[in-house]
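Engineer: To convert, take the position in the sequence shown, counting from 1, and add 6; that gives our numbering. Just so it is clear, CB atoms sit at the ideal spot from N, CA and C, and this is done for glycine as well. In this text the structure is predicted, and so the values were computed from the model without any measurement. I am attaching a structure below and will ask some questions about it afterwards.
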Amino acid sequence: TNRAVRRCGLLGDDPVPGKNFEHRKRWLDEQLIHQTRHFGIDSLCQAILSNHFHLELRSRPNGMTPRSRAGG
């Protein structure tokens, strides 16, 4: 289960405050795509659910892309 301080839910419905945090799933997906581009890893598969997520990652054999090494 993904929870933060005070047992607040991170994704999906959180019954404690009665709020829905589905929008965070899209944000997490976008961030994973962005980060894999810059840190020399490939995202082979991912599943983002309401209470947890699964990632299958691998490091790139050639390391980072030339663009990310240049800081761009």
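Classify L61: buried if its beta carbon has 16 or more other beta carbons within 10 angstroms, exposed otherwise.
Structural biologist: The sequence position of residue 61 within the sequence shown is 55, counting from 1. That one is exposed.
Engineer: Is H58 near the ligand COA, going by C-beta to nearest heavy atom under 7 Å?
Structural biologist: In the structure shown, the ligand COA is absent, as is every other ligand, since no ligand is present at all.
Engineer: Where do the ends of the beta strand (DSSP E) carrying R64 lie?
Structural biologist: Indexing the sequence shown from 1 puts residue 64 at position 58. Run containing R64: F59 to S65, per the beta strand (DSSP E) assignment.
Engineer: Is H50 helix, strand or coil when you go by DSSP?
Structural biologist: Position 44 of the sequence shown, counted from the first residue, corresponds to residue 50. One detail in the question is off: residue 50 reads as Leu in this sequence, not His. If DSSP states are grouped into helix, strand and coil, L50 belongs with the strands.
Engineer: Taking DSSP's pairing of strands, which residues face D35 in a bridge?
Structural biologist: Position 29 of the sequence shown, counting from 1, holds the residue named residue 35. Paired residues: none, contrary to the question.
Engineer: Strictly by DSSP, which residues pair up with N26?
Structural biologist: For the purposes of this step, residue 26 is taken as the residue at position 20 of the sequence shown. Bridge partners of N26: D19.
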